[in-house]
Every structure is written in structure tokens, then in C-alpha cells.
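S.K.: Chain order of the listed sequences is A and B.
Per the numbering used here, residue 1 is the first one in the first sequence, and the count goes up by one each step.
Per the numbering used here, residue 1 is the first one in the second sequence, and the count goes up by one each step.
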Amino acid sequence: MSSTDTAGPSTEAPRAPDSAGTAADAEAGALLGRARNALGDALVGSHISAGELWLRVESESWADLAAWLRDTEGFGFFSFLSAIDWMPSPFGRDMDSAVDNTLDQPEPKEAPPTETGVSGGDTRFQLLARVSDVTTGRSVIAKADLSTDDLRAPSWVAVYPGADWHEREAWEMFGIDFDGHPGLRHIYLPGEFEGHPLRKDYPLLARRVKPWPGLVDVELMPETDDGGDDGEGAAP
Amino acid sequence: MTVTERQQLSYIAAQAADARVNLEIETEGMTLNIGPQHPATHGTLRIVAKLDGEQVVAAEPVMGYMHRGYEKLAEVRTYPQVTTLINRIDWLGSFANEVPFILAAERLMEVEAPPRAQWIRTILFELSRIANITLFLGDMAVQVGAITPVFFAFRDREHVLNQIEAATGGRFHPNFDRIGGLKDDLPAGWVAETRGAMRKIRAFCDEIEELVEGNEIFQARTRGIGVIPPGVGLSYGLTGANIRASGVDWDVRRDSPCGLVHDQVDWKVWTHPDGDSFARFWVRLQETREATKIVDQLLDGIPSGPIMAKVPVIIKVPAGEAYVETENPLGVMGYYVVSKGDLNPFRVKIRSASFSNVSITPWLLRGVYVPDIITILGSLYFILGDIDR
Chain A
1 MSSTDTAGPS TEAPRAPDSA GTAADAEAGA LLGRARNALG DALVGSHISA
51 GELWLRVESE SWADLAAWLR DTEGFGFFSF LSAIDWMPSP FGRDMDSAVD
101 NTLDQPEPKE APPTETGVSG GDTRFQLLAR VSDVTTGRSV IAKADLSTDD
151 LRAPSWVAVY PGADWHEREA WEMFGIDFDG HPGLRHIYLP GEFEGHPLRK
201 DYPLLARRVK PWPGLVDVEL MPETDDGGDD GEGAAP
Chain B
1 MTVTERQQLS YIAAQAADAR VNLEIETEGM TLNIGPQHPA THGTLRIVAK
51 LDGEQVVAAE PVMGYMHRGY EKLAEVRTYP QVTTLINRID WLGSFANEVP
101 FILAAERLME VEAPPRAQWI RTILFELSRI ANITLFLGDM AVQVGAITPV
151 FFAFRDREHV LNQIEAATGG RFHPNFDRIG GLKDDLPAGW VAETRGAMRK
201 IRAFCDEIEE LVEGNEIFQA RTRGIGVIPP GVGLSYGLTG ANIRASGVDW
251 DVRRDSPCGL VHDQVDWKVW THPDGDSFAR FWVRLQETRE ATKIVDQLLD
301 GIPSGPIMAK VPVIIKVPAG EAYVETENPL GVMGYYVVSK GDLNPFRVKI
351 RSASFSNVSI TPWLLRGVYV PDIITILGSL YFILGDIDR
């Protein structure tokens, strides 16, 4: 049932067989067919699993996809918009601090190849959004690859006003520009903040400068310090 | 013409009359900072409101005072460690925060919790809802100047928190949900005690109904105020009671159930056609009462059996992507989990309800009067941790 991938590895095996799942998958397949007709070559990848439909489009058609989803297909509910940085973290899996690395030998940190998830992907940054139709319970997860040189996509604000804050967040956390957004400014971080924290190459400084408590915070309890001669720890 | 339309029109007429007065006496524009420490904001949210006389011309929420970066932190935690963080997103209904994340991880691992765990999960999920919304019911009265109901709310919420504590060990941050089941089974006598707590909550709902809902001042301050049309609400991503109060009959618990057993019991989704502050209050009041009925029915039929499925000691989640959302106390909460087959998630996108619910405020507060800002914010009901994550 996950055989409708047009690009990318099919990583997900079919979900435990429930009758609703297959019906939802069939419905998602029908929607995918309509998406192919409506979007044409702009649709570059898709995936269906557990009744959920992923659509991946060219970044230029990002806003067209939103307009088609809302106006033609009736997906009136905007759930969220964000992005994924597919580059593996250059700091290794745990972003261990220097202290931790001296405790146990660090594995050689060569960058593993960049792999993208369901419905495929060509570039490092990928937009991610989800919309639903609350009357029928259908939903679509939309994705779009962004050119690495120029992180830029059309804004969804004109279609879904709720995308305003989500795009500000994506701009702040990933550095993605949204054309047509009424005012891209910081939403969580202070105005003078530099860098894009959710990018994989942005170090989690708290973990870099401070040892991970679970590993080195081995402190002797006071009563076991020197034989417990003060009698406090003695059993009655 | 419905009641709502009449109310809306009279409100618009009043606004227009006021704008005329403002024009005649040439009031000067003024910027008013509400918060960051206002009781209506449940944390530290600042609203910068540009005023013309008593009317708001533009309002802009300023947030980030409590941004903790959970999406980044989750990338360096193992899956079982992530629940400790996400407990603190909506701190009044914290168990409910854990559920969608655990369900997303379970979907990727193709693990299913045993029936007993699913039932207890659903019970605790609904108890979180009651603990969360109880406070709202008292708090909403504070926004219009009635102090007493909030003390009733704190008093009666305690019964629910005691039950959550008895089962999980934590009043506010249970950290009890596990991939594949639950940490522990229920303690002896818990079922009977919870029934007693549900009776007390129903009595509390009646009390609030008599004390607040019919009150003339409360009605005058909330009816026809802050009206959200359903289409606008949906396009801003409003969920939960906020959208059901606009007449949208949509509840994830009923419409796309996932991993919880709400479909095993008999209950009702409450909606209200008006879409104003009063409707949001009314829907939440009904939902609290409905949740006690759900809990009561679930308590009757908890199946026996194990509470943990067979999962490895060290949890590695297979590569894949999953999005699971549930109907949390504040609205729909979902986690988009990207796994690369590692010990920790590669990326976790947290779709929290309050962030979207509050994103409508610049639209909603335009043109309202200053005192109405407070009742509108109160009725939207957000938790700052749920906005800032």
C-alpha cells in the first residue's frame, strides 16, 4: 500500500492492518491523482502511509500548492509550517562536551551522507507544512526543497493567514525568506540574535560548555565521605 | 437574524459611534503595554496595543520570554528522555503532552500498547484535561472581576491532581507514558477514589454554572465579544474549544482517533454557534463535564493484562517520519517526528495548540475596547509554555 512513492525510499512498512487505514490510503491515492493533474511537473514527490499523504513540490509552486489545497480541495484548516535541515549534525550524535569526550574516546566524527525522508528530497533544507479538511478528516503534509544558495519560498500568508507566525519562526530558526510575508521579524529570540538555532550546524552551546550531568556528576554522598563516623547515617 | 448577528451589529455600531467621538475630540494615539506580567496571560506574554481612545487600532503579541528551544533540545535526547522536556509545554495538562509524542514513536516502531495501557492512558489524558480546564473555568471569572470562582477551581482541581499524583507520582509533570505502555500499573483503590473525584468535579461544574454562567455582568462582558467566524478560525489554525465554540464540529478524539480508546465509550462533542468569548467558556464547561463522564465509563471497563508491550531496553526508532496529533486540553497538539534509526530523534516539530490559537489575536483584537482585550485573551485560553515551547 506504500507503493505510490514517486521518489525517495519507501521507509515505512504498512501500519498494523486496521480497516480505516486502507480506506484512508485509497482516498489519499485518489487525492494524489488529482494533485498530479492540477500541479503537473511541479509535483516532484509523494508518499502515502497510514492514511497520510505527503506531497513534495518545487519551491516556486509552494504557494500554488496551498491555494490548490484550500480553494479546490477544501483543506481549510492550517495546522503548522516549519522546515527540516537534512544535514547530519557535524557535532556528532550527542553534541558531547569536551569533558565527556575525554572520558570515553570519541568516535571519529565523519559526516554521514545526507539522507532525506519520505517523499524524497534533493537539497539540505526542506519546507514542511500540514493542512487538514475538518469536515472529512483528510489531511496533507506538504514539502518543498529549497535551493541551498538562496533559501527562499513564496509565502502562504495570503492563503492561510495563520502561516504568518509559523513563517516568522521558520525565518528565525532556519533563515528561510518568505516572499510576500508582511513582516519577517524575530518571534521568540531577541532582536539582536545572530544565527539560526535549528540548523544542524548551529551548536547547542549549553551542551558544548557544560558536561552532561548524567555522565560526570558522580559526587559522593556526605555520609559516605569518610566512614560515616558522625553517626547520622547509622541505623537505629 | 440570529442572536449573534444582532449582537455583532450592535457591537459594531457602538464601535462606530465611539470612533466618531474619537474623531470629534481628536484623541491622541497611545501605545499600551499589557504584560508581560498580567494575570490574563498565564505566564509572560506581552501585548503591545496601539489605542485610539478606548479602542484598539492594532495589537501585537510579543512572546519568547519563555522560549526553551525544545525542538533543538529534543535532537540531543534519547526518545525516553524527550518526554521529560515535553511535559513542560502545557504544564497544566502535562500528561496529555506526552501522549502524541509517544504515539508517534510507537507508530514508527510499529509497537502498540496493550489494551490496559491504552485505557489507563486515556483516563489520565482526560484527567489532565479536567485539571487544565477546571482552572480556566475559575480564571475566566477573574477576568471580569469575580475573584471567588478561581478559589473554587483551585480547591476542586486538587481532587484531580491528587489522583494523577497517586497514579503517576507527579502532580504536574508525571513523565509516566512510555513507548509501548506505561511506567506503572494503577495503585489499589485508585478507581473508587477517582470516581469520587469525578463527582466533585461535576458538582464544581454545576457551581460554576450557577455562579458565573448566568451572571448578568459575565454575560454582558462576554456575549458578542471577540467573535471568530469558523472559516477565519480554521485558516489561523485554531483548534479545540476555540474552534468548536465557532460551530465547527471537529474533535480529533472522535474524528481521527489514534492510540486512545475514546471510541469505546459514549460521549458527545459540544459545539456552540456564537463564536464569542461566552461560547468558548460554555463549550469548555460542557467539555469538562463530558470528560468526567468519559473517565467514569472508562473506569468501569479497564481491561486486565500487561501494561507494557515488548520493547527493547534501549530504544532505537526505525528511520521514518510520522505525525500524530491528539485533542489536548488547549487544542490539537501534534508531533512531527523524523527518525534516522538512531537513539534520538533527528527532528521533532512540535505543533502546539496555543501558538496557533494566539496567532489570531492581531486580527481579533483590532477594533475592540481595552477591557475586552482581557476577556478575549482569557477566553482564548492559552498557556505560555504551549506558545513558546
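We put the beta carbon where it would ideally sit given N, CA and C, even for glycine.
What span of residues does the alpha helix (DSSP H) with SER379 of chain B cover, start to end?
M.R.: Here the alpha helix (DSSP H) through SER379 of chain B covers 370-380.
S.K.: Quick check: PHE80 of chain A and ASP133 of chain A, are their CB atoms within less than 9 Å of each other?
M.R.: Cβ atoms of PHE80 of chain A and ASP133 of chain A: not closer than 9 Å.
S.K.: May I ask you to report which of helix, strand or coil DSSP gives SER245 of chain A?
M.R.: Here chain A has residues from 1 to 236 only, and residue 245 of chain A is not among them.
S.K.: ARG289 of chain B and ARG202 of chain B - do their beta-carbons sit closer together than 9 Å?
M.R.: Cβ atoms of ARG202 of chain B and ARG289 of chain B: closer than 9 Å.
S.K.: For the putative contact between LEU69 of chain A and VAL57 of chain A, defined by C-beta atoms under 8 Å, what is the C-beta separation to the nearest angstrom?
M.R.: Not a contact, Cβ separation roughly 11 Å.
S.K.: Between VAL134 of chain A and chain B, is any beta-carbon pair separated by less than 9 Å?
M.R.: Yes, contact with chain B.
S.K.: LEU127 of chain B and ALA153 of chain B - do their beta-carbons sit closer together than 9 Å?
M.R.: Their beta carbons are not under 9 Å apart, which means ALA153 of chain B does not touch LEU127 of chain B by this criterion.
S.K.: For ALA50 of chain A, which option in B:GLU216, B:ALA220 and B:GLY259 has the closest C-alpha, if you only look at C-alpha atoms?
M.R.: Nearest of B:GLU216, B:ALA220 and B:GLY259 to ALA50 of chain A, Cα basis: B:GLY259.
S.K.: Inspect the CB distances between the segment 212-232 of chain B and the segment 301-310 of chain B and report whether three or more fall short of 8 Å.
M.R.: In short, these stretches do not touch, since the Cβ pair count stays below three.
S.K.: Which of helix, strand or coil does DSSP assign to VAL99 of chain A?
M.R.: Low confidence applies to VAL99 of chain A: its pLDDT is 49, below 50, so where it sits in the model is not reliable, and the reading given next is rough at best. Here VAL99 of chain A sits in helix by DSSP.
S.K.: Determine the closest residue to GLN37 of chain B out of B:MET30, B:ILE47 and B:THR31, with distance taken between C-alpha atoms.
M.R.: GLN37 of chain B has its Cα closest to that of B:ILE47, out of B:MET30, B:ILE47 and B:THR31.
S.K.: Out of B:ALA291, B:ASN344, B:TRP270 and B:SER352, state which residue places its alpha-carbon closest to the alpha-carbon of ILE315 of chain B.
M.R.: Measuring from the Cα of ILE315 of chain B, the nearest candidate turns out to be B:ASN344.
S.K.: Step through the CB atoms of chain B and report whether any lies within less than 9 Å of the CB of GLU52 of chain A.
M.R.: So yes, GLU52 of chain A belongs to the interface.
S.K.: Along chain B, in chain order, which residues have C-beta atoms closer than 7 Å to that of PRO197 of chain A?
M.R.: Correct list: GLY69 and LYS72.
S.K.: Can you tell me whether GLY341 of chain B is buried or exposed? The criterion is at least 16 other CB atoms within 10 Å of its CB, across all chains shown.
M.R.: GLY341 of chain B should be labelled exposed.
S.K.: Go ahead and label MET30 of chain B buried or exposed: buried means 16 or more other beta carbons lie within 10 angstroms of its beta carbon, across all protein chains shown.
M.R.: So MET30 of chain B ends up on the exposed side.
S.K.: Just verifying my parser: in three-state terms, what is the DSSP assignment at GLY45 of chain A?
M.R.: Strand at GLY45 of chain A.
S.K.: Quick one: does PHE77 of chain A have its CB under 9 Å from some CB of chain B?
M.R.: For PHE77 of chain A, the answer is yes, since a Cβ of chain B falls inside 9 Å of its Cβ.
S.K.: Examine the Cβ distances between the segment 72-81 of chain B and the segment 285-301 of chain B and report whether three or more of them are shorter than 8 Å.
M.R.: Touching, no.
S.K.: Can you give me the start and stop residues for the alpha helix (DSSP H) that PHE204 of chain B sits inside?
M.R.: Taken as a continuous stretch (DSSP letters only), the alpha helix (DSSP H) holding PHE204 of chain B covers 190-208.
S.K.: Establish whether the CB of TRP165 of chain A and some CB of chain B are separated by less than 9 Å.
M.R.: Cβ-Cβ to chain B under 9 Å: yes for TRP165 of chain A.
S.K.: Mind checking ILE12 of chain B: buried by the 16 CB within 10 Å criterion, or exposed?
M.R.: By the 10 Å Cβ count, ILE12 of chain B comes out exposed.
S.K.: Going by DSSP in three states, ALA241 of chain B sits in which element: helix, strand or coil?
M.R.: DSSP places ALA241 of chain B in helix when its eight states are reduced to three.
S.K.: Which class does LYS349 of chain B belong to by DSSP, given the choice of helix, strand or coil?
M.R.: Here LYS349 of chain B sits in strand by DSSP.
S.K.: Within the 9 Å Cβ cut-off, does LEU355 of chain B reach chain A?
M.R.: A small correction: the amino acid at residue 355 of chain B is Phe; Leu does not occupy that position in the sequence shown. Chain A, which has a Cβ nearer than 9 Å to the Cβ of PHE355 of chain B, makes this yes.
S.K.: Considering only C-alpha positions, which residue in the set A:LEU184, A:ARG152 and A:ASP149 is nearest to HIS311 of chain A?
M.R.: Within the shown structure, residues of chain A are numbered from 1 to 236, placing residue 311 of chain A beyond reach of any answer.
S.K.: Would you mind reading off the limits of the alpha helix (DSSP H) that contains GLN118 of chain B?
M.R.: Its alpha helix (DSSP H) spans residues 115-143.
S.K.: In three-state terms, what does DSSP make of GLU75 of chain B?
M.R.: The answer is coil: DSSP assigns GLU75 of chain B none of H, G, I, E or B.
S.K.: Does the beta-carbon distance from PHE278 of chain B to ARG244 of chain B come in below 9 Å?
M.R.: It is not a contact, given that the beta carbons lie outside the stated cut-off.
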